[in-house]
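>
There are 2 protein chains.
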Amino acid sequence: MVIAAPVADRLRDDILRGAFPPGERLIELQLTERYGVGRAAIRAALVELDAEGLVQREANRGATVRRISVAEAVEITEARAALEGLIARLAAERATDADRRRLRDLLAEMTQAVERDDKLAYSKLNRDLHGSLCRIARHRVADDLVANLRNRAAHHQFRLALVPGRASQSVAEHRAIVDAVASGDGPAAEAAMRTHLASVIDVLRHWEAFDTRA
Amino acid sequence: MVIAAPVADRLRDDILRGAFPPGERLIELQLTERYGVGRAAIRAALVELDAEGLVQREANRGATVRRISVAEAVEITEARAALEGLIARLAAERATDADRRRLRDLLAEMTQAVERDDKLAYSKLNRDLHGSLCRIARHRVADDLVANLRNRAAHHQFRLALVPGRASQSVAEHRAIVDAVASGDGPAAEAAMRTHLASVIDVLRHWEAFDTRA
DNA sequence: GTGCACAATACTGTTGACGATCTGCCCCGT
DNA sequence: ACGGGGCAGATCGTCAACAGTATTGTGCAC
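One line per chain: the protein sequences are A and B, in this order.
Residue numbers for the first sequence follow this note's numbering, beginning at 1 and rising by one.
Residue numbers for the second sequence follow this note's numbering, beginning at 1 and rising by one.
This is the structure:
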């Protein structure tokens with residue numbers, strides 16, 4: 001976390017980009033070869049990612065990439081709503097004029113991305129916007145927690161971007177957030193962020209009903 | 001975290017109960033003797049507690065018990081307010097009749113503890129009440145995050161209980177929370193929980209102004 | 001007395017090997 | 001054919017030893 005742990009960072013990136021799908025076994029000796037470090041370093045990285053909730057370790061059975069059920073993704077998003085609500089409120093109170101301009105620029109780019117139907121760019125801009133709010137809010141504790149929660153649900157977030165019609169609704173919700181932050185209205189920003197994530201939860205719940213049948 | 005790591009648990013308990021004060025160096029060889037395990041196990045425990053934010057590790061310089069500034073305790077409590085607000089709301093929606101009775105019993109005991117001026121019992125009941133709400137809310141993700149945040153700020157929480165007149169105000173705030181949860185009013189429970197933690201933050205901020213002078 | 005180079009110390013970081021435990025498979029009996 | 005016991009392979013958990021790095025203490029020049 002604090003100490004430079006390049007191995008954990010690389011492994012985390014690989015898991016998030018899908019190099020190791022959920023449920024995949026993470027065998028220490030294989031990782032040793034892949035990253036060119038000793039088993040002790042791999043072990044430390046696995047303990048760290050276990051604490052982050054990205055991998056699961058069982059005694060004498062090794063580590064696997066943690067599977068996140070839809071129900072758990074809902075919980076994660078609920079927690080995100082609470083914390084990002086706080087962040088949005090603080091961002092509204094602390095944003096400088098430059099910050100406000102930057103948020104509006106990001107929103108404009110998002111709108112264009114939706115018009116171009118460029119899901120990849122939209123997904124990136126989405127992350128940028130949430131990341132910018134975190135930076136503006138200057139709240140280390142909440143930032144770290146939210147970053148972790150986002151990582152945990154990353155797979156489901158990716159799936160979300162592919163839902164037809166989702167992007168246009170999402171951009172409208174983000175517009176409400178940006179408007180509230182730009183006008184310095186903390187409570188409105190918090191409410192808008194909660195509304196946004198509540199709509200994400202709605203989509204997830206929809207899947208839950210569907211997936212449990214399949 | 002998931003795996004049985006008795007060493008990390010014991011070390012965490014020892015840190016929380018003050019056996020290792022903030023800033024204390026945690027030397028691996030000494031911990032080896034204290035807990036009767038090899039250095040590898042100690043190392044894993046330190047990585048785990050580092051990820052939890054309880055200890056700080058620096059490259060080639062070892063681990064120390066993390067010092068939590070008052071400013072950081074404020075941030076931690078702000079994040080707690082957001083998450084425990086969610087928990088209180090869910091608890092209000094999900095509490096059974098037995099849960100409601102139990103909460104009222106705890107509140108009655110807290111009132112008596114304040115009348116007896118029994119700060120130790122009050123502190124324990126305080127933890128029990130928050131813990132009960134977490135259990136009732138049945139929200140694993142938020143529970144885990146809150147438990148971690150509480151641990152991180154444990155020292156400041158302890159100091160809080162010693163402020164004169166604090167207990168009577170605190171019990172009034174808890175009464176508002178319990179009343180809202182018992183009557184099944186989710187939004188009111190969330191608001192009451194936020195009010196409670198906002199008053200905790202007020203006390204912390206008071207210290208901040210005082211401590212930075214000293 | 002003070003500042004600096006240098007050596008001694010203490011501790012961490014890493015490696016390699018060994019024993020313990022679990023999993024999958026084969027063989028055998030029914 | 002099917003189920004259970006045992007064997008072999010794979011993998012984790014642990015330990016001891018070595019190398020590398022930061023810190024502390026000492027002596028010397030000024």
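Where is the CB? At the ideal position from N, CA and C, for every residue including glycine.
On a predicted model such as this, the values are computed, not experimentally measured, just so you know.
Tell me the DSSP bridge mates of Thr216 of chain A?
Because chain A in this structure spans residues 1 to 214, residue 216 of chain A falls outside the shown range and cannot be described.
> Tell me whether the segment 185 to 204 of chain B and the segment 140 to 152 of chain B touch, counting them as touching only if at least three CB pairs, one residue from each stretch, are closer than 8 angstroms.
The answer is no - the segment 140 to 152 of chain B does not touch the segment 185 to 204 of chain B, with fewer than three Cβ pairs under 8 angstroms.
> When you compare only the Cα positions, how much space is there between Ile15 of chain B and Leu129 of chain A?
On the second sequence, residue 15 of chain B is found 15 positions in, with the first residue counted as 1. On the first sequence, residue 129 of chain A is found 129 positions in, with the first residue counted as 1. Cα to Cα, the separation comes out at about 38 angstroms.
> List, in chain order, every chain B residue whose beta-carbon is nearer than 9 angstroms to that of Ile76 of chain A.
Translated into positions along the first sequence, residue 76 of chain A becomes position 76. Val141, listed in chain order.
> Can you pull the chain A neighbours of Leu215 of chain B, defined as C-beta to C-beta under 8 angstroms?
Here chain B has residues from 1 to 214 only, and residue 215 of chain B is not among them.
> What residues from chain B crowd round Val47 of chain A, counting only those whose CB sits closer than 7 angstroms?
Taking the first residue of the first sequence as 1, we reach residue 47 of chain A at position 47. Within 7 angstroms Cβ-Cβ: Ala44, Val47, Glu48.
> Enumerate, from N- to C-terminal direction, the unbroken alpha helix (DSSP H) stretches of 4 or more residues contained entirely within the segment 141 to 206 of chain A.
Here the runs fully enclosed are 154 to 160, 166 to 182.
> Just verifying my parser: in three-state terms, what is the DSSP assignment at Met1 of chain B?
Here residue 1 of chain B refers to the residue found at position 1 of the second sequence. Per-residue confidence for Met1 of chain B stands at a pLDDT of 48, beneath the threshold of 50, marking its modelled position as unreliable; the derived number appears in the next sentence. Reduced to three states, the DSSP call for Met1 of chain B is coil.
> Taking the C-alpha atoms as reference points, what is the distance between His156 of chain B and Glu208 of chain A?
For the purposes of this step, residue 156 of chain B is identified with residue 156 of the second sequence, where counting begins at 1. For the purposes of this step, residue 208 of chain A is identified with residue 208 of the first sequence, where counting begins at 1. Computed Cα separation, rounded: 41 angstroms.
> For Leu133 of chain A and chain B, any beta-carbon pair shorter than 8 angstroms?
Sequence index remark: in the first sequence, residue 133 of chain A carries index 133 (1-based). Not closer than 8 angstroms to any Cβ of chain B, the Cβ of Leu133 of chain A fails to qualify, so no.
> How is the alpha helix (DSSP H) around Val55 of chain B delimited, first residue to last?
Numbered from 1 along the second sequence, position 55 holds the residue referred to as residue 55 of chain B. Val55 of chain B -> not in any alpha helix (DSSP H); beta strand (DSSP E) instead, spanning 55 to 58.
> For the beta strand (DSSP E) that Val7 of chain B lies in, which residues bound it at each end?
Translated into positions along the second sequence, residue 7 of chain B becomes position 7. Where Val7 of chain B is concerned, there is no enclosing beta strand (DSSP E), although the alpha helix (DSSP H) it sits in stretches over 6 to 16.
> For chain B, check one thing: does any of its Cβ atoms lie closer than 8 angstroms to the Cβ of Gly85 of chain A?
Reading the first sequence from its first residue, position 85 is the one you call residue 85 of chain A. At least one chain B Cβ lies under 8 angstroms of Gly85 of chain A.
> Alpha carbons only, please: which of B:Leu90, B:Ala5, B:Ala121, B:Arg166 is nearest the one belonging to Ile42 of chain B?
Counting from 1 along the second sequence, the entry for residue 42 of chain B is found at position 42. Nearest C-alpha to Ile42 of chain B: B:Ala5.
> Do we get a CB-CB distance below 8 angstroms when we pair Ala198 of chain A with the residues of chain B?
Locating residue 198 of chain A in the first sequence gives position 198, counting from the first residue. No, no contact with chain B.
> Does Ala222 of chain A come within less than 8 angstroms of chain B when only Cβ atoms are used?
As shown, chain A starts at 1 and ends at 214. That puts residue 222 of chain A outside it, with no answer to give.
> If we define contact as Cβ-Cβ less than 8 angstroms, is Ile201 of chain B a contact residue for chain A?
Here residue 201 of chain B refers to the residue found at position 201 of the second sequence. With 8 angstroms as the cut-off, Ile201 of chain B does not count as an interface residue toward chain A.
> Pairing CB atoms from the segment 92 to 104 of chain A with CB atoms from the segment 180 to 187 of chain A, are three or more of them under 8 angstroms?
They touch, by the three-pair rule.
> Looking at chain A, is there any beta carbon in it that lies within less than 8 angstroms of the beta carbon of Leu103 of chain B?
Reading the second sequence from its first residue, position 103 is the one you call residue 103 of chain B. With 8 angstroms as the cut-off, Leu103 of chain B does not count as an interface residue toward chain A.
> Tell whether a beta-carbon distance below 8 angstroms holds between Leu133 of chain B and Ala88 of chain B.
Start at 1 with the first residue of the second sequence, and residue 133 of chain B comes out as number 133. Start at 1 with the first residue of the second sequence, and residue 88 of chain B comes out as number 88. In contact: Leu133 of chain B and Ala88 of chain B (Cβ atoms closer than 8 angstroms).
> If we define contact as Cβ-Cβ less than 8 angstroms, is Met1 of chain A a contact residue for chain B?
For the purposes of this step, residue 1 of chain A is taken as residue 1 along the first sequence, with counting starting at 1. Because the pLDDT of Met1 of chain A is 49, which lies under 50, any placement of that residue in the model is unreliable, and the number read from its coordinates should be weighed accordingly. Closer than 8 angstroms: yes.
> Are the CB atoms of Arg104 of chain B and Val178 of chain B within a distance shorter than 8 angstroms?
What you label residue 178 of chain B is simply residue 178 of the second sequence in a count that begins at 1. What you label residue 104 of chain B is simply residue 104 of the second sequence in a count that begins at 1. In contact: Val178 of chain B and Arg104 of chain B (Cβ atoms closer than 8 angstroms).
> Closer than 8 angstroms, CB to CB, is Glu208 of chain B near chain A or not?
In the second sequence, residue 208 of chain B corresponds to position 208, counting from 1. No, Glu208 of chain B does not count as interfacial toward chain A.
> Expressed to the nearest angstrom, what Euclidean distance is found between the alpha-carbon atoms of Val2 of chain B and Gly62 of chain A?
Within the second sequence, residue 2 of chain B is the residue found at index 2, counting from 1. Within the first sequence, residue 62 of chain A is the residue found at index 62, counting from 1. At Val2 of chain B the pLDDT is 49, less than 50, meaning the model places this residue with poor confidence and gives no usable figure here.
> Can you tell me which of A:Val7, A:Arg17, A:Asp99, A:Pro22 puts its alpha carbon nearest to the alpha carbon of Glu28 of chain A?
Counted from its first residue, the first sequence places residue 28 of chain A at position 28. When each option's Cα is compared against that of Glu28 of chain A, the closest is A:Val7.
> To be precise: take each residue of the segment 145 to 157 of chain B, compare its Cβ to all Cβ atoms of chain A, and keep it if any distance is under 7 angstroms. Which residues remain?
Cβ contacts with chain A come from Leu145.
> Ala41 of chain B versus chain A: which residues are under 8 angstroms apart at the beta carbon?
Looking up residue 41 of chain B in the second sequence gives position 41. Those do not exist, as Ala41 of chain B stays about 11 angstroms from chain A at its closest Cβ, beyond 8 angstroms.
> Does any residue of chain A bring its CB to less than 8 angstroms from the CB of Glu28 of chain B?
For this step, residue 28 of chain B is matched to residue 28 along the second sequence. No, because no Cβ of chain A sits closer than 8 angstroms to the Cβ of Glu28 of chain B.
> For Ala44 of chain A, report the span of its alpha helix (DSSP H) as first-last.
Locating residue 44 of chain A in the first sequence gives position 44, where the first residue counts as 1. 39 to 52 is the span of the alpha helix (DSSP H), which, as asked, contains Ala44 of chain A.
> Beta-carbon of Glu52 of chain B versus every beta-carbon of chain A: anything under 8 angstroms?
Here the question's residue 52 of chain B lines up with position 52 in the second sequence. At least one chain A Cβ lies under 8 angstroms of Glu52 of chain B.
> Quick one: what's Thr64 of chain A bridged to in DSSP?
The sequence position of residue 64 of chain A within the first sequence is 64, counting from 1. For Thr64 of chain A, which the question treats as bridged, DSSP gives the partners A:Arg25, A:Gln56.
> Using a Cβ cut-off of 8 angstroms (strictly closer), state whether Ala189 of chain A contacts chain B.
Reading the first sequence from its first residue, position 189 is the one you call residue 189 of chain A. It does not: the Cβ of Ala189 of chain A has no partner Cβ on chain B nearer than 8 angstroms.
> Got a sec: is the Cβ-Cβ distance from Ala180 of chain B to anything in chain A below 8 angstroms?
Counted from its first residue, the second sequence places residue 180 of chain B at position 180. Not an interface residue.
> List the whole-angstrom C-beta distance separating Ala121 of chain A from Ala113 of chain A, where the pair is believed to meet the contact cut-off of C-beta under 8 angstroms.
Along the first sequence, one-based indexing puts residue 121 of chain A at 121. Along the first sequence, one-based indexing puts residue 113 of chain A at 113. That pair is a contact at about 4 angstroms.
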